[in-house]
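Residue numbers (my numbering): 2 to 319.
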């Protein structure tokens, strides 16, 4: 009598995607050598929306994924987070980040931002991530769900609904200069046209208390992480794993006062200025006129928006 056959073993998979084909292809080659017992799958598409749709199909069909690796800046992290945590139940797939660019605000906040020369070496990055996969080195971090009449998106870093969002919109249209320089160039160009906005808000604090109010502000941001605009430490004490968000408001200043305050943002010392308020919250509903909200540097939609924390929703390989 023939014994029953043993079903074939399915090898674990790592999915790699990104917006820089040269880096993606090099990384896939190196990671395949580092993980001979895994299938390393490369997934690329024409646009960010196409990439996200393809990833969603892949993770729904494949139940043996060891990691999702995104190669690029905050926009690629944004895509990965929405694939893994955008549904009703976050997927138990760790996210790994390879940031060859110069912005990388979320990676900087996560404490895994290496010098540029090292970030460009795909062999070294592949070896590091392969070790993290083998050793299951995972850190659970919070995310934000931002919801409006336009839909809902997961944001890992900062949701901007002020002058920072306006600058972000203009900076996204520039191909050069890269990173922080792009943000600063846009600020210099748009300086005279920027103005404070009136806001209505409702915040829920860490104890569940709800407070409503209104204010006029230059900047209104809800932050899960510290950095914005390629390295500006806009919310210096934000933590990725405390189950809370930081609601930051910078109230109107004269141009001279703003010029004095602005350099302090790079070190986070601006937070002690009297015009700056930072409050720990679990949810914010924020509304203002004529501003499109941005998250992780990506356009979301008009206000009102509801921003709420999702504690431990994303697992990061480190």
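By construction, the Cβ of each residue, glycine as well, lies at the ideal position given by its N, Cα and C atoms.
Please read all numbers here as calculations on a predicted model, not as lab measurements.
query                                                                                                                             : result
Cβ-Cβ distance between residue 315 and residue 246 below 8 Å                                                                      : no
Alpha-carbon to alpha-carbon, residue 83 and residue 318                                                                          : 16 Å
Beta carbon of residue 94 nearer than 8 Å to that of residue 59                                                                   : no
Nearest residue (CA-CA) to residue 89, options 76, 104, 139, 146                                                                  : 146
Nonlocal neighbours in the same chain, by C-beta distance under 6 Å from residue 313, ignoring five residues either side          : 141
First and last residue of the uninterrupted beta strand (DSSP E) at residue 152                                                   : 152–156
Straight-line Cα distance separating residue 36 from residue 162                                                                  : 43 Å
Beta-carbon contacts of residue 278 that lie in its chain and below 6 Å, excluding the five residues immediately before and after : 250
In chain order, each alpha helix (DSSP H) run of at least 4 residues that lies wholly inside the segment 264–309                  : none
Counterpart residues of residue 74 in DSSP-defined beta bridges                                                                   : In the DSSP output, where bridge partners are listed per residue, residue 74 has none listed.
Three CB pairs or more closer than 8 Å across the segment 127–144 and the segment 299–309                                         : no
Reference residue 206; option with closest CA among 225, 282, 264, 139                                                            : 282
Residues sharing a beta bridge with residue 200, DSSP                                                                             : 216
Same chain only: Cβ atoms within 8 Å of residue 253, ignoring 5 sequence neighbours per side                                      : 197, 217, 218, 219, 276
Where residue 144 falls, given that 16 or more other Cβ within 10 Å makes a residue buried                                        : buried
Assumed close pair residue 200, residue 262 - CB separation to whole angstroms, cut-off 8 Å                                       : That pair is no contact at about 19 Å.
Cβ-based burial, residue 109 [other Cβ within 10 Å; buried from 16]                                                               : buried
Run of the alpha helix (DSSP H) containing residue 34, from where it starts to where it stops                                     : 22–35
Residue 128, DSSP secondary structure in three states                                                                             : helix
Bridge-paired residues (DSSP) for residue 14                                                                                      : 40, 66
CB of residue 14 within 8 Å of CB of residue 66, strictly                                                                         : yes
Where residue 314 falls: helix, strand or coil (DSSP)                                                                             : strand
Own chain, CB closer than 7 Å to residue 63, minus 5 neighbours either side, in chain order                                       : 14
Residue 239 versus residue 231: straight-line alpha-carbon distance, rounded                                                      : 16 Å
For residue 243, the first and last residue of its enclosing alpha helix (DSSP H)                                                 : Premise fails: residue 243 is in no alpha helix (DSSP H) and is neither H nor E.
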